[in-house]
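A short write-up of the structure that comes next.
Shown next as structure tokens:
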């Protein structure tokens, strides 16, 4: 009777064959019906920075709508984005853009 060898190396090879490619969830999609966010923000830059925040936080949802936008200076603003599919904890994303720096937070 022959016995199969089951070594760690065999397991690693099998695991690597399955594939562990990261899933690309796509770019954030922000619905801004009255263009209030577009009037104060560089939407491409905002989208890139928002994507970094979402990936860091492990958030998979990518569809949002602008709830409120407030200009706080010449180029500065505050905004709130809500998820198209609500989070179970009811939180949305608060964005502050001041002096060229984005600050994101779940609130």
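Numbering (the numbering used here), first residue to last: -12 to 94. Ideal Cβ positions, reconstructed from N, Cα and C, are used throughout, including at glycine. On a predicted model such as this, the values are computed, not experimentally measured, just so you know.
Residue i, DSSP secondary structure in three states
i: residue 92; result: strand
i: residue 12; result: coil
i: residue 30; result: helix
i: residue 134; result: Shown here, the chain extends from -12 to 94; a query on residue 134 therefore has no answer.
i: residue 42; result: helix
i: residue 23; result: helix
Residues near residue i by beta carbon distance below 7 Å, same chain, minus five either side
i: residue 64; result: 27, 28, 56, 57, 58, 84
Whole-Å CB distance - residue i paired with residue j, under 8 Å assumed
i: residue 17; j: residue 52; result: 7 Å
i: residue 50; j: residue 71; result: 4 Å
Same chain only: Cβ atoms within 8 Å of residue i, ignoring 5 sequence neighbours per side
i: residue 60; result: 85
Member of the options whose CA lies at the smallest distance from the CA of residue i
i: residue 35; options: 89, 93, 94; result: 89
i: residue 78; options: 87, 62, 54; result: 54
i: residue 38; options: 11, 72, 73; result: 11
Jot down the residue ranges of each uninterrupted beta strand (DSSP E) in the stretch 57 to 86, minimum 3 residues, whole runs only, in chain order. 64 to 70, 80 to 85
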